[in-house]
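In this note's numbering, the protein residues as written are 395 to 1134.
Below you can see the structure in the form of structure tokens.
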């Protein structure tokens, strides 16, 4: 009593053992406030015998126990204390449900063991119970060791006005359950070690409200945090930052789902679905995370994983950000190694997604990065990424800037290496400068406002961009010719390529482009299209359209002529049927004569040949002997005179003409009664029916003799051919007058 009244520390003298009964301490605490010094009750290096039961008591002065040993658990249920400190004490358990401490609760350097049962839980025991407690200041556990077979601390819905500091040599050999705690300050786990989880759960901060930050970092001596088991932060809220540095996570087993545990979670190192972090989430130093980190449906400012960190979750999910929201960027620095899968399905990243120089292996279900439907407002940096044994999927992603995969090395032979199907990118897609994919690269139905750039890339198993749209152009100057290129239905503005470096197995049906970048040699384009199997007419027409639009009409026609040639040579599904042979012959004739309609000038040569042929025929005496002409009176003439006389020419009554003698033979033209025969004009009149010289209308072959019938048939055929060829010539002039 004298020590309490004077505010002195009660300690043993001259090495004697000091024994203080718990009942005496209780009696002292019941004294009037005026009998105790404001400095409170302080006991040092004593053994507290019996029960120390302060349950329900209101104590207005501080209580300090330093280096004391308690025989029995301390009972503080419902107590209202000013300040309580157990510094360096050995305690077989603390029962403090509903405790209220106006200032600090200090358990530093103490050793607390026990397996206490209480009505707060029907399934677990704990060494320290602080459920529904309220601490106005700080909860201090510096160098504290808490040992329990099940839970080390259970403090559901505890409220702390200051900071929780579980640091330096702090070790919990049992689970820490801080479910629904409200902490106005920070949670500091510097150098803390949680070594014996409760059924796989080391730290439970589900639904916690932390007004400051959370620190899980190494201390000044280099002591690294060690978590054996899972950390649960489901639906927790951290107003500040969440910093993990040089920590080691060693999940010991899958969490056994019992009681009210969430059946959604499995064996992960950090399970934090729905976590809100107002500041940055940083994983720094040489962190070794042996289990997955589940941050799905969470909200963060920036997530940054520094170089030197390793995730080892072979065959599982290393980092899950499904449907999470990042108000800034997501960065994994160069040199970080991940064994497992990064899930970004439905994630919204308002800044950059940076994975430059990271290494990925041993995925879950074949996907190293599963980013289906991810939204990245800025750019995606995949430079120098090394991925082995799985694919990178960005299907249906929306990217506000450039997707840069320069020098990335993707190794997934026989399967997909990179899937960018249905991606919408407002910048370019860069698969350049040493990009290597041992596996298929898919860009089907993607829409790219910039370019699809494959310059210097290697696509060991081909590239597919079916129905893709690249408004800034396509660059296909790859380092090695891929085995397969499929651009069916794709569209772009500029095609930059080397026609000689396309694979034979190329599919470009429906591929639409506006111009070539560099190579405008029609022969090179012809050889490019000719090498593609099977034959398709569409690519020829597209190339010809591009040539024609840029003023190369002749080259365009040559490509279209080549298209018809290749169409004739292409194998028919029905084989070499007679009908097919006839069609091929007709097509061959069409090509040789008028160049499939693109060389109508050849008709002039055919027309000239026909004129020469008919002219030679008309100069032949045998042919001329078959020709006849008839005047209006019925007289019949041959080319050298009258053959049949029906009525002589009458002499005019005015006597201006003298009648010839009856024996006189009229001239070859009947003295002007018929038009004289001229072989040249007769030929022109027959072959060129667009003009009339009167020859064919006057002279006709007599058909009663075989020779005359033959000549008549030949002239009719020549007339029909003349009509056809002359019509083509006229139409060709109209075509030449039409603008290209």
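Ideal Cβ placement from N, Cα and C applies to all residues, glycine included.
Taking the Cα positions, residue 866 is about 55 Å away from residue 1083. Closest in alpha carbon position to residue 956, among 947, 917 and 492, is 917. Under the three-state reduction of DSSP output, residue 419 falls in the helix class.
With contacts defined by Cβ atoms closer than 9 Å, residue 689 and residue 683 do not form a contacting pair. Residue 900 is bridged by DSSP to 879. Cβ neighbours of residue 703 within its own chain (closer than 6 Å, five residues either side excluded): 677, 681 and 730. Excluding the 5 residues flanking it on each side, residue 455 has same chain C-beta neighbours closer than 6 Å at 430, 434 and 476, in chain order. The shortest CA-to-CA distance from residue 1097 to any of 1106, 1089 and 1091 is the one to 1106.
Taking a 10 Å sphere around the C-beta of residue 1122, we find 16 or more other C-beta atoms and assign the residue as buried.
Residue state for residue 687 is assigned as strand, using DSSP reduced to three classes.
A direct Cα-Cα distance of roughly 8 Å separates residue 756 from residue 710. Bounds of the alpha helix (DSSP H) holding residue 1073 are 1073–1081.
Among the bridge pairs identified by DSSP, residue 1094 is matched with 1022. Counting along the chain, residue 941 sits inside the alpha helix (DSSP H) bounded by residues 931–943. Taking 9 Å as the cut-off, the beta carbon of residue 753 is found no closer than this to the beta carbon of residue 789.
For residue 572, there is no enclosing alpha helix (DSSP H), since its DSSP letter is neither H nor E. Residues of the same chain with a CB within less than 7 Å of the CB of residue 1017, apart from the 5 flanking positions on each side, are 1011 and 1105 in chain order. Residue 685 places its beta carbon 9 Å or farther from that of residue 717. In the three-state reduction of the DSSP assignment, residue 477 falls in the coil class, being assigned neither a helical nor a strand state. By the neighbour-count criterion, in which 16 or more other beta carbons inside 10 Å mark a residue as buried, residue 523 falls on the buried side. Taking 9 Å as the cut-off, the beta carbon of residue 785 is found no closer than this to the beta carbon of residue 851. As DSSP reads the structure, residue 644 sits in no beta bridge.
Taking the Cα positions, residue 1002 is about 54 Å away from residue 848.
Taking 3 residues as the minimum length, the beta strand (DSSP E) runs contained wholly in the stretch 553–612 are 565–571, 595–598 and 608–610, in order along the chain. In this structure, the beta-carbon distance from residue 621 to residue 602 does not fall below 9 Å. When beta bridges are read from the DSSP output, residue 464 appears opposite 442.
Straight-line measurement puts the Cα of residue 719 at about 40 Å from the Cα of residue 902. By the C-beta density criterion, residue 1118 is exposed, having fewer than 16 other C-beta atoms within 10 angstroms. Looking only at 905, 945 and 921, the smallest Cα-Cα distance to residue 933 is reached by 905. Annotated as distal: residue 413 and residue 439, with beta-carbon spacing of 9 Å or more. By the Cβ neighbour-count rule, residue 592 is buried, with 16 or more other Cβ atoms within 10 Å of its own.
Partner residues in the beta bridge of residue 404, as assigned by DSSP, are 437.
Closest in C-alpha terms to residue 1094, from the list 1078, 1110 and 1021, comes 1021. In this structure, residue 997 sits away from residue 1077, with a CB-CB distance that is not shorter than 9 Å. For the options 489, 999, 465 and 594, the alpha carbon positioned closest to that of residue 515 is the one of 489.
Taking C-beta atoms under 8 Å as the contact rule, residue 668 and residue 692 qualify, at a distance of about 6 Å.
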